[in-house]
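Taking the numbering used here, the leading residue of the sequence shown gets 1, the next gets one more, and so forth.
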Amino acid sequence: MKKNKRGFTLVEIMIVVAIIALLAAIAIPNLLRARLTAAQASAQATLRTISTAMESYAAGHQGNYPLTDEIEADLVNVTPPYLNENYCDDAIRNLYTFDCTSTAGGYSIVANPQSTTGGIVYTITTGGVLTPGSPQQ
């Protein structure tokens with residue numbers, strides 16, 4: 001009795017593996033770059049949100065901004081809140097943390113990347129001036 005054996009040869013399997021490896025080599029860096037770009041855009045948007053809350057607070061308080069230690073109490077824990085959450089804590093949000101420094105006369109908020117992918121440090125200051133820094137290595 002003769003049995004027909006069907007299957008893939010070693011060469012065919014190696015070709016398929018090589019094609020998959022080539023596609024992965026192209027797709028994975030693009031995916032990582034897209035993730036980093038999205039995190040940077042999110043950091044900029046968060047900085048603008050915090051800045052808008054600070055400016056709104058100052059507009060209603062004779063031009064005085066909340067002090068650094070009182071940001072959560074003055075912007076989050078009020079009705080209605082200026083911010084939905086305290087972004088100035090140490091929590092990582094979309095690969096960034098936000099360091100807030102505020103006096104009655106002005107503020108500076110820095111978005112620091114928390115990954116080793118070379119994210120950009122962003123800073124926003126009084127009046128909503130957003131400046132990108134150099135990529136973090």
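Just so it is clear, CB atoms sit at the ideal spot from N, CA and C, and this is done for glycine as well. Here the structure is a predicted model, which means the values were calculated and not measured.
A contact between stretches requires three or more CB pairs, one per stretch, nearer than 8 Å, and the stretch 85-95 meets this requirement with the stretch 26-43. Cα atoms of residue 119 and residue 135: separation of roughly 5 Å, rounded to the nearest angstrom. Rounded to whole angstroms, the gap between the alpha carbons of residue 49 and residue 8 is 57 Å. A residue is called buried when at least 16 other Cβ atoms come within 10 angstroms of its Cβ; residue 83 meets this threshold and is buried.
Fewer than three beta-carbon pairs drawn from the stretch 58-73 and the stretch 15-31 are found closer than 8 Å, and the two stretches are therefore not classed as touching. Here the C-alpha atom of residue 100 lies approximately 18 Å from the C-alpha atom of residue 81.
When 59, 75, 88 are compared, the shortest CA-CA separation from residue 127 is found for 59.
Taken in chain order, the whole beta strand (DSSP E) runs of length 3 or more contained in the stretch 77-107 are 96-103.
With respect to residue 111, residue 46 sits close: the two C-beta atoms are nearer than 8 Å. Distance check between residue 35 and each of 90, 5, 76, 115 places 115 closest, using alpha-carbon atoms only. The C-beta separation of residue 76 from residue 70 comes to about 10 Å, leaving the pair out of contact by the 8 Å criterion.
Just measuring C-alpha positions, the residue of 125, 88, 87 sitting nearest residue 105 is 125. DSSP places residue 37 in the helix class (H, G or I) of the three-state scheme.
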